[in-house]
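With the first letter of the sequence shown counted as 1, position 178 gets the number 177 in numbering that gives the first Met the number 0; the numbers rise by one all the way through.
Here is the structure we will look at.
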Amino acid sequence: MNTIKNVFSIKDLENLSGIKAHTIRIWEKRHKLLEPERSETNIRSYSLRSLQKLLNISFLNSNGFKIAKIVALGESEIAAKVNQISYFGNIEAHAFNAFKLSMLNFDQELFYTTYSRLLEEKSFREIFYDFFIPLIQEVGLLWQTMTIKPSHEHFLLVHIRQKILIHIERIQSQNPKPDTTTFVLFLPLNEIHDLGLLFINYELLSRGYHTIYLGENVPIEDLNLLNLLYENITYISFFTVKPDFEKLDSYLKNVYSEVIENTTNSLRVLGTRLKGYKTKKLPKQIEIFNSINNLVKDL
C-alpha cells in the first residue's frame, strides 16, 4: 500500500530541489538553515516542512538573495518573501517548486492557485510546453529513483489531465475546417498513458481539424472500422510503455499492413518508448517524431 511520503533523505532533497547534497550539508553546518533528524547511525532525515523551506531558500537564492541574507530571515519571512517575488516578478521559477509541493502535499488548492497565476501571463499552450512537459519528465525520474510514490505522480497527472479536458471542451463545439484531414488518435493495447495524446488532440482541434479520439488500449483490427467511414486518415499514436521495445518493428508493420497499405492513410508516432529505436526502412506513410511540438509543427 502506498503511504504519503513525509520523511526524506538528503538525496531526496537533492533530487527535488536541484541543490547538491554537499551544498545542503554546508548550509546546515554554517548557517543552521535546516535541522534534520539523525538516526542512531547518524543518517540524516528531513521533514516535508524542511523540504518546503529548502525549495523557498533555493528560489530566493536564484533570485539574487545571498545565503547570509536569507539566514537573517525567519521561516515565515522566507515564505512571505517568496510569495512577494513570485507575485510581482518571477512566477516561472516559483511555479515549478509550487507544483512539486502541491504534489507532495496532495494540495489541490496550491496546484490550482499556481496554475491560475501562470494563466494570468501565459496561454494554456505555453503552460503545457514550458511547465507541464518538463514537470512530467522530472516527476518520471523522481518516481524511478523512488524519491516520490506513484500516488504523487498520479495526483499531478490527474490535475494536468483535467486542465487539458477543460480546454478541449471549450473548443469542441467549433466546426472543423471544410474538407480537412481526419485525425484518429489511439494508444496501443496495454498502453494507458494518454496525457500526451490528449494534448495533441487539443492542438489539432484548436487548429480546426476533425479528430476522432479513441484513447487507450485500442486493438489494431478495430482501426479498420474507421477506414470504412473515412478516407485520407492520419493516425496518431503515443508509445510510453507499450509496445515492448523488441516488438516495435512487428507492431508498426502490423499497423501498416492492416490499416495503411493500399490507402492514402498515414501513421505518426512518438513517445519515450521510441527513444533509441532504429527505424528499419519504414514505409514513407509511417513517420516517427521526437516531440509533440515537432509533430504539431509538421501539420
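Ideal Cβ placement from N, Cα and C applies to all residues, glycine included.
Quick caveat, the model's predicted, so the values are computed rather than measured.
Would you check if the distance between the CB atom of L72 and the CB atom of S49 is smaller than 8 Å?
-> No, the Cβ-Cβ distance between L72 and S49 is not below 8 Å.
Short Cβ contact (8 Å threshold) for F131 with I159 | The beta carbons of F131 and I159 sit closer together than 8 Å.
Identify every residue that forms a DSSP beta bridge with V268.
-> DSSP lists S236, I287 as the bridge partner or partners of V268.
Should Q107 be labelled buried (16 or more other beta-carbon atoms within 10 Å of its own) or exposed?
-> Looking at its Cβ environment, which holds fewer than 16 other Cβ atoms inside 10 Å, Q107 is exposed.
To which residues of the same chain is T239 closer than 8 Å at the C-beta, ignoring the five residues directly before and after it?
-> Scanning its chain for C-beta atoms nearer than 8 Å, with the 5 sequence neighbours on each side dropped, one finds around T239 the residues E190, H192, G195, G270, T271, R272, in chain order.
Cross-strand partners of R206 (DSSP beta bridge) = DSSP links R206 through a beta bridge to no other residue.
For my contact list, K241 and P282 are in at a C-beta cut-off of 8 Å; report their separation, rounded to the angstrom.
-> In fact, because the Cβ distance is near 21 Å, the residues do not count as touching under 8 Å.
For H153, count neighbouring C-beta atoms within 10 Å of its own C-beta (all shown protein chains included) and say buried if the count is 16 or more, exposed if not.
-> The residue is exposed, with fewer than 16 neighbouring Cβ atoms inside 10 Å.
Taking Cβ positions, are L100 and L54 nearer each other than 8 Å?
-> In this structure, L54 lies closer than 8 Å to L100 by Cβ.
When DSSP labels each residue in this structure, what does I147 get in the three-state scheme?
-> It is coil, neither helix nor strand.
Give every residue of the same chain whose Cβ lies closer than 6 Å to the Cβ of S299, excluding the five residues on either side of it in the sequence, and list them in chain order.
-> With the chain running from 0 to 298 in the structure shown, residue 299 is simply not present.
Separation of M102 from L47, as counted between CA atoms | Taking the straight line joining both Cα atoms gives about 12 Å.
Whole-angstrom C-beta distance between I199 and I291, which should lie under 8 Å = Indeed they touch by this definition, with Cβ atoms about 6 Å apart.
By a C-beta neighbour count over all protein chains shown, 10 Å radius and 16 as the cutoff for buried, is V254 buried or exposed?
-> Taking every protein chain shown into account, the CB of V254 has 16 or more other CB atoms within 10 angstroms, so this residue is buried.
Got a sec? Which residues, its chain only, sit under 6 Å from M0 by beta carbon, not counting five neighbours each side?
-> In this prediction, M0 has a pLDDT of 38, which is less than 50 and means its spatial position is unreliable; what the coordinates show is noted afterwards. Closer than 6 Å at the Cβ level, and outside the excluded window around M0, lies no residue.
Three-state secondary structure (DSSP) of G195 | Note: G195 maps to helix in three-state DSSP.
Would you say H30 and I66 are within 8 Å of each other, going by their C-beta atoms?
-> For the 8 Å CB-CB criterion, H30 and I66 form a contact.
Answer with yes or no whether the minimum CB distance from R29 to chain D is below 8 Å.
-> No chain D is part of this structure, which consists of one protein chain only.
Is it buried or exposed for I232, if we count other Cβ within 10 angstroms and need 16 for buried?
-> By the beta-carbon neighbour count (other beta carbons within 10 angstroms, threshold 16), I232 is buried.
Please name the residue in S122, F123, H151 whose C-alpha comes closest to that of I135.
-> Of the candidates S122, F123, H151, the one whose C-alpha sits nearest the C-alpha of I135 is H151.
Apply the 10 Å Cβ neighbour rule to S75 and answer buried if 16 or more other Cβ atoms are within range, or exposed otherwise.
-> Classification for S75: exposed.
With a Cβ-Cβ cutoff of 8 Å, do L266 and I285 count as a contact?
-> Taking 8 Å as the Cβ cut-off, L266 and I285 qualify as a contacting pair.
Whose C-alpha, out of R43, V81, F123, is nearest the C-alpha of N60?
-> Nearest neighbour of N60 by Cα position, chosen from R43, V81, F123, turns out to be V81.
Would S57 pass as a contact of V6 if the rule is Cβ separation under 8 Å?
-> Cβ distance not < 8 Å, so S57 and V6 don't count as in contact.
Quick one: what's L53 bridged to in DSSP?
-> Paired residues: none, contrary to the question.
CB of L197 within 8 Å of CB of I163, strictly = Their beta carbons are under 8 Å apart, which means L197 touches I163 by this criterion.
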